[in-house]
Every structure is written in structure tokens, then in C-alpha cells.
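Some notes on the structure that comes next.
Number of protein chains: 2
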Amino acid sequence: MSYELFYWPDIQGRGEFVRLALEDAGADYDDVARSDKGMAHMMTILESKTATRPPFAPPFLRHGRRTIAQVANILLYLGPRLGLAPRGQADRQFAHQLQLTVTDLVAEAHDTHHPVAGGLYYEDQKPEAKRRAKDFRENRMPKYLGYFERVLAANPKGDAWLVGADASYADLSLFQVVEGLRYAFPKAMRNREKHWPLVVALHDRVAERPRIAAYLPSPRRLPFSEEGIFRRYGELDG
Amino acid sequence: MSYELFYWPDIQGRGEFVRLALEDAGADYDDVARSDKGMAHMMTILESKTATRPPFAPPFLRHGRRTIAQVANILLYLGPRLGLAPRGQADRQFAHQLQLTVTDLVAEAHDTHHPVAGGLYYEDQKPEAKRRAKDFRENRMPKYLGYFERVLAANPKGDAWLVGADASYADLSLFQVVEGLRYAFPKAMRNREKHWPLVVALHDRVAERPRIAAYLPSPRRLPFSEEGIFRRYGELDG
Chain D
1 MSYELFYWPD IQGRGEFVRL ALEDAGADYD DVARSDKGMA HMMTILESKT ATRPPFAPPF
61 LRHGRRTIAQ VANILLYLGP RLGLAPRGQA DRQFAHQLQL TVTDLVAEAH DTHHPVAGGL
121 YYEDQKPEAK RRAKDFRENR MPKYLGYFER VLAANPKGDA WLVGADASYA DLSLFQVVEG
181 LRYAFPKAMR NREKHWPLVV ALHDRVAERP RIAAYLPSPR RLPFSEEGIF RRYGELDG
Chain U
1001 MSYELFYWPD IQGRGEFVRL ALEDAGADYD DVARSDKGMA HMMTILESKT ATRPPFAPPF
1061 LRHGRRTIAQ VANILLYLGP RLGLAPRGQA DRQFAHQLQL TVTDLVAEAH DTHHPVAGGL
1121 YYEDQKPEAK RRAKDFRENR MPKYLGYFER VLAANPKGDA WLVGADASYA DLSLFQVVEG
1181 LRYAFPKAMR NREKHWPLVV ALHDRVAERP RIAAYLPSPR RLPFSEEGIF RRYGELDG
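Residue numbers (our numbering), protein chains in the order written: chain D, 1 to 238; chain U, 1001 to 1238.
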């Protein structure tokens, strides 16, 4: 039974964390809103007044009769099915915990360019964005990446992956975080990356996984842009 | 085996969502950082460079050999153990999805008074806070509460609880959201609450649960204040 992923068709955004897992596993999936009439289909589901278990926002996944929203929740469901979750319960719970920490980081990265309101343009909140981005670059980004570095260093099964001895969806997500931060804050990342060698090595390890290496240059991988979560505005890079 | 909850000792904050579940279940738990030397104990765990599975931030829970962080992840673990999770897998996944939506709302409520940086004082970001709070009151709060209203209305088991026919931790969390929003935005909530009658009725239903009714006036329930997530600043209430 194939998976249906619903997400905004023109950006990587939060949908990319799910896409990376599906791609790495070679799963059979349909990126619905990017196909003909797919966007209308997605909006019908989002705006339904009667659907039980409605999603609050994209991305959401359909699999058989299930509709599942929230990135970390989708990955909690997909992980074991795709062979991308650790085996034991405690390890699974920790992988999920790390994914929720990625979720927090992603929301903060978004708010660097939208600190006032997601419904306003960036141009309407530039002074506020400049202040928030400075705090993000100097305090939050190092705190988060330093945390993941510490998790890798303390993994009793070695420092190659975040949880246990094998890759999980959390590693794919951390790869995407590094990609996104390098896109949005090239200068800040160039200056600071050396402090997180294990995170950078994990990023490179993910990029070399055969299905990821095939996916990244494919048309299925949308480019970063100034419409997504990670945006490159020179004035926010210090 | 009793639970150990670790959270900042002077605020309800994010810890309160866990406390409410433990209290409603009549669980045996220790609110560690509020006891003698508890704060030092919590900081030792947070600052350990060698702990495997370290928490990124409070709250976190210790239960036997497990240390679990992130509110929604803690409740995912506690729910079934406290009799506060739905029975079926799909219902459990949906309760967790709703909890993650509460998590998003809580982060946005926090950012109404800290839109620039959590490390700065409110006084250092008042103009930005005023703009963000306006958007929160007029757009985000109604979007979230309207969503929960819709979930209640569409529940095939009746509109008393969010998932299935019985209360779950997600209901306790929605109660706390209403409490917090009423504290922070009394005027905005007074003007708008009538649009979400099922959410308000759920709030009242939770408040009447015997153990919650006993907990709320007890010294274990910390008061709301201008140190927590939900803060009352008149200028942010429109």
C-alpha cells in the first residue's frame, strides 16, 4: 500500500523531513499536491468541516484509512515501517525526542524571517527579523547544534548516528537542518561549523547514502528558496 | 515505582502539562526541583557532558532508568501508564498529534512576549511584542481554538472529549491552554470565547474532575505569573 504525502507543492519546508525518509527507504509514495489537481485535493481535506481527525496544517500523510499530521508524528509512524527507527522502545522514544527538538529548531529558524506574523510579508517585519536572526545565529543555533554534537559524542554505540548503531529518520532530519542552515546563514555556518565536527560528519554520511545521493540532484528535490522555512536574506546573516 | 518530574521550580510553564496528567491520575510523583537541593540536582543532569540521551531542556521525567524529555513525548510515555491515553493505536496517534498542536500553540503564546529572544527581558522587546501579540490574538489564537472546536464537533464518540469517549492527557492540556489564555489575554478571551463553546465546556469538565478540583487550589499548583509562558501584560491584550 503506497503512501500519500500532502504538502505545499513549491517548497521543501516541513514536508522535506518526511520526503527524506520516504526517499531513503525507497518507499512507494505520491507527492500529491505536486501532481495535477493535487493542490485542490489537499485543500478539500484541510477545509473539511466534518472529517474526523483533521490535520491542523500540512504536511500530512495518508496511508490506507489513516490520516496523520505533524512531522514528528508522521515520522514516529513511518520510522518502523521504513526501517528507519531504532529497535528498542527506549531508543525509539529518544529518536522521537530528538525529532521534537529538530521541530523546535525549525520553528525558530522560520521565525528569524517572520518574528511578528507568518501572515505578513518579510518586508513588513525586517527590523524585527534582524534582531531575532542575530539571537538565533549567536545563541540558539549554537545551542541546538552543540546539543546534537553532545548527543553524538555520548552515543554508547558510536558517534556515527544519533541513536544506536544505525541511521534513523532523526539523522536524515539533522542532515536537512545542516543543509537549511548552510543555505540561510552561509557566513554564520562557515564561521561556526568547526565546533560541531560530528554533526558535519553525520551530514556528509547521510548525503552519501545511495538513495539520498540519487534523490538530491533529482527533480523530486525542490530547491531552497525565499518562500520556505530556510531563507537566504543577506542582512540576516550578520 | 514513582515518577520524578524535573522542571523550573517557580513557574507552571511547560511542566504544568505533565503535572496535570500526574495529578489527574493520582500518580506517585516527586516535583524534584521544588524540593531541597532539587534545583542543583536538575542542573547537574542538564549540564552533564557524558550522559547518554541527555534532555535539551526541562521538563524531563525520570522513571526507573529512563530519562524522557519534551512534553508531548513525556505524555506519550505516561498516557497509557496513567490511564490517560485512548486504547487503539490510531486514536493514540491522534491524541499525540493534538498534543503536538498544543505544543505549537504554547510556543507561539510564549513568543507574544518574547518575539526577539528568550534571553532578553520583555522590556527589551516591547514594540515587537505588541505587534506579535496582536497577530496572535486576532489570527493565531482563533485558528488554534477553532481547530480544537472542530475536532470536538467531529468526534464520532461525542463532543465531550477530543479523542474517543474518555478523557485523555490531550484534554487536560487543552484545559491548561484555556486557563493560560484567559490569564494572559482576559479581554481577548472574554470577547471571543463564545465562538468555541465545546472547548469552554471541555475546560469546565476538566476543572470538575475530582483530582483536578483538589489540585487546583492546592499549594502544588503554582500561580500564573509574569515569569512563565502565559503572562499578563495589559498592552498585549489589545
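Cβ atoms here follow ideal geometry from the backbone N, Cα and C, with glycine treated the same way.
For residue 1134 of chain U, which residues in the same chain have their Cβ closer than 6 angstroms to its Cβ, ignoring the five residues on either side in sequence?
As a first step, residue 1134 of chain U must be located in the second sequence, where it is residue number 134. Contacts found: none.
Under the three-state reduction of DSSP, which class applies to residue 1063 of chain U: helix, strand or coil?
Translated into the one-based positions of the second sequence, residue 1063 of chain U becomes position 63. The answer is strand: DSSP assigns residue 1063 of chain U an E or B state.
Closest to residue 1026 of chain U by CA distance: which of U:1232, U:1210 and U:1235 is it?
Indexing the second sequence from 1 puts residue 1026 of chain U at position 26. Looking at the Cα atoms, U:1210 is the closest of the given residues.
For residue 1142 of chain U, which option in U:1189, U:1172, U:1213 and U:1059 has the closest C-alpha, if you only look at C-alpha atoms?
Against the second sequence, residue 1142 of chain U aligns to sequence position 142. Checked all of U:1189, U:1172, U:1213 and U:1059; the closest Cα to residue 1142 of chain U is U:1189.
Report the residue from U:1149, U:1163 and U:1106 whose alpha carbon sits nearest the alpha carbon of residue 1199 of chain U.
Locating residue 1199 of chain U in the second sequence gives position 199, where the first residue counts as 1. For residue 1199 of chain U, the nearest C-alpha among the options comes from U:1149.
Out of U:1008, U:1003, U:1092 and U:1002, state which residue places its alpha-carbon closest to the alpha-carbon of residue 1228 of chain U.
For the purposes of this step, residue 1228 of chain U is taken as the residue at position 228 of the second sequence. Of U:1008, U:1003, U:1092 and U:1002, the residue nearest in Cα terms is U:1008.
Does the beta carbon of residue 1077 of chain U sit closer than 8 angstroms to a beta carbon anywhere in chain D?
For the purposes of this step, residue 1077 of chain U is taken as the residue at position 77 of the second sequence. Residue 1077 of chain U counts as touching chain D.
Using the C-alpha atoms, what's the distance from residue 163 of chain D back to residue 1237 of chain U?
Position 237 of the second sequence, counted from the first residue, corresponds to residue 1237 of chain U. Position 163 of the first sequence, counted from the first residue, corresponds to residue 163 of chain D. Whole-angstrom Cα-Cα distance: 44 angstroms.
Go to residue 1224 of chain U, then tell me how far its alpha helix (DSSP H) extends in each direction, as first and last residue.
By 1-based counting over the second sequence, the position of residue 1224 of chain U is 224. Note, residue 1224 of chain U: premise wrong, no alpha helix (DSSP H); not H, not E.
How big is the Cα-Cα spacing for residue 1247 of chain U and residue 1012 of chain U?
The shown model of chain U, from 1001 to 1238, leaves out residue 1247 of chain U, and the question about it has no answer.
By how many angstroms is the C-alpha of residue 128 of chain D removed from the C-alpha of residue 1128 of chain U?
By one-based count along the second sequence, residue 1128 of chain U stands at place 128. By one-based count along the first sequence, residue 128 of chain D stands at place 128. Roughly 7 angstroms separates the two Cα atoms.
Could you tell me the alpha carbon to alpha carbon distance between residue 106 of chain D and residue 177 of chain D, rounded to whole angstroms?
Here residue 106 of chain D is taken as the residue at index 106 of the first sequence, counted from 1. Here residue 177 of chain D is taken as the residue at index 177 of the first sequence, counted from 1. Each residue's alpha carbon lies about 8 angstroms from the other.
With H, G and I counted as helix, E and B as strand and the rest as coil, what does DSSP make of residue 1215 of chain U?
Numbered from 1 along the second sequence, position 215 holds the residue referred to as residue 1215 of chain U. Here residue 1215 of chain U sits in helix by DSSP.
Determine, for residue 1084 of chain U, whether the minimum Cβ-Cβ distance to residues of chain D falls below 8 angstroms.
What you label residue 1084 of chain U is simply residue 84 of the second sequence in a count that begins at 1. Residue 1084 of chain U does not count as touching chain D.
Go to residue 1031 of chain U, then tell me how far its beta strand (DSSP E) extends in each direction, as first and last residue.
Along the second sequence, read from residue 1 onward, the residue named residue 1031 of chain U stands at position 31. Its beta strand (DSSP E) spans residues 1029 to 1031.
Tell me which residue opens and which closes the beta strand (DSSP E) that residue 3 of chain D is part of.
Mapped onto the first sequence, residue 3 of chain D falls at position 3. Taken as a continuous stretch (DSSP letters only), the beta strand (DSSP E) holding residue 3 of chain D covers 3 to 6.
Would you say residue 59 of chain D and residue 46 of chain D are within 8 angstroms of each other, going by their C-beta atoms?
Within the first sequence, residue 59 of chain D is the residue found at index 59, counting from 1. Within the first sequence, residue 46 of chain D is the residue found at index 46, counting from 1. Contact flag unset, no.
What is the DSSP secondary structure of residue 1085 of chain U, reduced to helix, strand or coil?
On the second sequence, position 85 is the one that residue 1085 of chain U refers to. In this structure, residue 1085 of chain U counts as coil in the three-state DSSP scheme.
Closest by CA to residue 1151 of chain U, which one among D:20, D:103 and D:51?
As a first step, residue 1151 of chain U is located in the second sequence; it is residue number 151 there, counting from the start. Selected option, being the one with the closest Cα: D:51.
Whose CA, out of D:35, D:183, D:145 and D:80, lies closest to the CA of residue 225 of chain D?
Here residue 225 of chain D is taken as the residue at index 225 of the first sequence, counted from 1. Comparing Cα positions, the closest option is D:183.
Measuring straight from C-alpha to C-alpha, what distance separates residue 154 of chain D and residue 1086 of chain U?
Taking the first residue of the first sequence as position 1, residue 154 of chain D is located at position 154. Taking the first residue of the second sequence as position 1, residue 1086 of chain U is located at position 86. Computed Cα separation, rounded: 35 angstroms.
Secondary structure at residue 51 of chain D, three-state DSSP: helix, strand or coil?
Locating residue 51 of chain D in the first sequence gives position 51, counting from the first residue. Reduced to three states, the DSSP call for residue 51 of chain D is coil.
Determine the chain U residues that contact residue 25 of chain D at a beta-carbon separation under 7 angstroms, and present them in chain order.
Here residue 25 of chain D corresponds to residue number 25 of the first sequence, with the count starting at 1. Simply none; closest approach about 19 angstroms.
May I ask you to verify whether the stretch 88 to 101 of chain D touches the stretch 67 to 76 of chain D, counting CB pairs closer than 8 angstroms and requiring at least 3?
Touching, yes, given that three or more Cβ pairs across the two stretches are closer than 8 angstroms.
Where residue 175 of chain D and residue 1207 of chain U are concerned, what is the direct C-alpha to C-alpha distance, given to the nearest angstrom?
On the first sequence, position 175 is the one that residue 175 of chain D refers to. On the second sequence, position 207 is the one that residue 1207 of chain U refers to. The alpha-carbon atoms of residue 175 of chain D and residue 1207 of chain U are separated by roughly 44 angstroms.
Name, please, each residue of chain D whose Cβ falls closer than 7 angstroms to the Cβ of residue 1100 of chain U.
As a working mapping, residue 1100 of chain U is identified with position 100 in the second sequence. Result: 70, 72 and 73.
What is the DSSP secondary structure of residue 1117 of chain U, reduced to helix, strand or coil?
Looking up residue 1117 of chain U in the second sequence gives position 117. Reduced to three states, the DSSP call for residue 1117 of chain U is coil.
Tell me the DSSP bridge mates of residue 68 of chain D?
On the first sequence, residue 68 of chain D is found 68 positions in, with the first residue counted as 1. Answer is D:61, bridged to residue 68 of chain D.
Among residues of its own chain, excluding the 5 on either side of residue 169 of chain D, which ones have a beta-carbon nearer than 6 angstroms to its beta-carbon?
In the first sequence, counting from the first residue as 1, residue 169 of chain D sits at position 169. Contacts found: 21, 75, 79 and 84.
Identify the contact partners of residue 1119 of chain U in chain D, using a Cβ-Cβ distance below 8 angstroms as the criterion.
The residue labelled residue 1119 of chain U in the question sits at position 119 within the second sequence. Those are 135 and 139, listed as they occur along chain D.
Is residue 1110 of chain U close to chain D? Criterion is C-beta to C-beta, closer than 8 angstroms.
Position 110 of the second sequence, counting from 1, holds the residue named residue 1110 of chain U. Answer no: the Cβ-Cβ gap between residue 1110 of chain U and chain D never drops below 8 angstroms.
Starting from residue 1169 of chain U, trace the alpha helix (DSSP H) in both directions and tell me its first and last residue.
The sequence position of residue 1169 of chain U within the second sequence is 169, counting from 1. Run containing residue 1169 of chain U: 1169 to 1184, per the alpha helix (DSSP H) assignment.
Starting from residue 1107 of chain U, find everything on chain D with Cβ-Cβ shorter than 8 angstroms and list it in chain order.
In the second sequence, the residue the question calls residue 1107 of chain U occupies position 107. Here the neighbours are 104 and 107.
Roughly how many angstroms separate the alpha carbons of residue 1201 of chain U and residue 1213 of chain U, rounded to a whole number?
Working through the second sequence from its first residue, we reach residue 1201 of chain U at position 201. Working through the second sequence from its first residue, we reach residue 1213 of chain U at position 213. Cα to Cα, the separation comes out at about 15 angstroms.
Is there a Cβ from chain U that is less than 8 angstroms from the Cβ of residue 44 of chain D?
Within the first sequence, the letter at position 44 stands for residue 44 of chain D. So, not an interface residue.
Roughly how many whole angstroms lie between the Cα atoms of residue 48 of chain D and residue 1204 of chain U?
Position 48 of the first sequence, counted from the start, is the residue given in the question as residue 48 of chain D. Position 204 of the second sequence, counted from the start, is the residue given in the question as residue 1204 of chain U. C-alpha separation (whole angstroms): 27 angstroms.
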